[in-house]
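K.L.:
Take this structure, written in structure tokens, and hold onto it; I'll ask about it next.
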Amino acid sequence: MTEPLATISDRIHQHIDRLTRAERQLAQAILENYPVSGLGPLAALAKDAEVSAPTVVRMIRKLGFEGYADFQRALRDEMKSKVEGPIAKHDTWTEGASSGHVLNRFTGAAIDNIRHTLAQVDPDEFDRACALIADTGHALYIVGGRVTHTLAEYLFLHLQMMRPGVTHIQSTSNAWPHYLLDLAEGDVFVIFDIRRYENNTLKLAEMAHRRGARIVLFTDQWRSPVNAYAEVCFGSRIVVPSAWDSAVTTLLLVESLIASAQDVNWSDRKQRMQQLEEMFDQTGLFRKFT
């Protein structure tokens, strides 16, 4: 299977340890308003980053591009990919589809997505996200979009069993501003936002950030605009041979986060979960084979 091309953001993170101080300053300037930051003239990018034009050229070549024009073409291709709808995604895959069964092709793409995503995940950042969602000293809000609300609800149901103070917000609802009334500085938002990024989700992130919320973002390899406000960001690869994007890698990260969070203050978690099981027994919710 053809390996997915690394985004420019991926390349920057892969090379960050080999960049000079000025080049790192430039890289940070690009990432702060990615990907539009690199679409203007070379001189404008150098001025915004407060580096020299030769520094821009050197870093672009370190990232594997022949020159600035090649770099900008890659950025434009990324922007085009960001806004693709289901029909365009389907046409992209059917043009180059192999003769193998869809199960094999889809699984191969999903495995590649997992492998490339995990290569980009910083274990320290993962642990920081886990600490944020496990901290019962602050309220936790979880929000998804039109499709990703299913991932948000999945995470909510598990965390609600482990800790108090968890709220699931529907981003498409006119009622979500009401939740911000009770938001305290340091409270945590977990936000899901995949390409065809939703305006409601971005506005919610902006308002929560202004009120002092700390944001953990689950997004794709191109990164939602919410990334500008996120303290921790997980950019999963999502492209598969389908008209729709894959949630497999994002779900893997979510379930790994759940598994890690359950072990934080396990004695407290265990007591809460035991109380919940007793309530389940009283309601007869689950069938008992005894």
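Sequential numbering of the sequence shown, starting at 5, is according to the working numbering.
Idealized CB from N, CA, C, for every residue including glycine.
(1) Since I believe L43 is in contact with I16 (beta carbons under 8 Å), could you give me their beta-carbon distance rounded to a whole number of angstroms?
(2) Give a yes or no on contact between the region 205-218 and the region 246-253, applying the rule of three or more CB pairs nearer than 8 Å.
(3) So, at 6 Å on beta carbons, what are the nonlocal neighbours of Q225 in its own chain, with the 5 sequence-adjacent residues on each side left out?
(4) For H142, which residues in the same chain have their Cβ closer than 6 Å to its Cβ, ignoring the five residues on either side in sequence?
(5) Could you tell me the distance, in whole angstroms, from the CA atom of A138 to the CA atom of A73?
(6) Over what stretch of residues does the beta strand (DSSP E) that includes H172 continue unbroken?
(7) Cutting at 8 Å between CB atoms, please list the residues of its own chain near I20, excluding the five before and the five after it.
(8) Taking buried to mean at least 16 other C-beta atoms within 10 Å of its own C-beta, is R22 buried or exposed?
(9) Who does L221 pair with in a DSSP beta bridge?
(10) Expressed to the nearest angstrom, what Euclidean distance is found between the alpha-carbon atoms of A232 and G288?
(11) Just checking my contact of V252 with N117 at CB under 8 Å: how many whole Å lie between their CB atoms?
(12) Indicate the three-state DSSP secondary structure (helix, strand or coil) for Y145 in the structure shown.
(13) Just confirm the distance between the C-beta atoms of V236 and L155, as a whole number of angstroms; I'd bet it's less than 8 Å.
(14) Excluding the five sequence neighbours on either side, which residues of its own chain have a C-beta within less than 8 Å of the C-beta of F75, listed in chain order?
(15) Who are the near neighbours of V194 in its chain, counting only those whose CB is closer than 6 Å to its CB and skipping five residues on each side?
(16) Please report the distance separating the alpha-carbon of D14 from that of Q286.
(17) Would you kindly work out how many angstroms separate the C-alpha atoms of R276 and A33, rounded to a whole number?
(18) Quick check on the burial criterion: 16 or more other C-beta atoms within 10 angstroms. Buried or exposed for H105?
(19) Using 8 Å for Cβ pairs, my map puts I198 next to T152. What's the rounded Cβ distance?
(20) Could you tell me the boundaries of the alpha helix (DSSP H) in which P58 lies?
(21) What number of angstroms, rounded off, separates the C-alpha of A47 from the C-alpha of R227?
(22) For a test of the three-state rule: what should DSSP assign to T140, helix, strand or coil?
P.N.:
The short version:
(1) Actually they do not touch by this definition, with Cβ atoms about 16 Å apart.
(2) no
(3) Residues T11, G239, R241 of the same chain have their beta carbon placed closer than 6 Å to that of Q225, with the five preceding and five following residues left out of the count.
(4) G190, D191, V192
(5) 45 Å
(6) 170-174
(7) Excluding sequence neighbours, I20 sits near R28, A31.
(8) exposed
(9) I195, C237
(10) 46 Å
(11) About 7 Å separates the two Cβ atoms, so the contact holds.
(12) Y145 falls in the strand class under three-state DSSP.
(13) Your pair V236 and L155 does not check out as a contact, with CB atoms roughly 16 Å apart and the cut at 8 Å.
(14) I12, G42, I64, L67, F69
(15) I146, V220
(16) 51 Å
(17) 45 Å
(18) exposed
(19) 6 Å
(20) 57-66
(21) 25 Å
(22) coil
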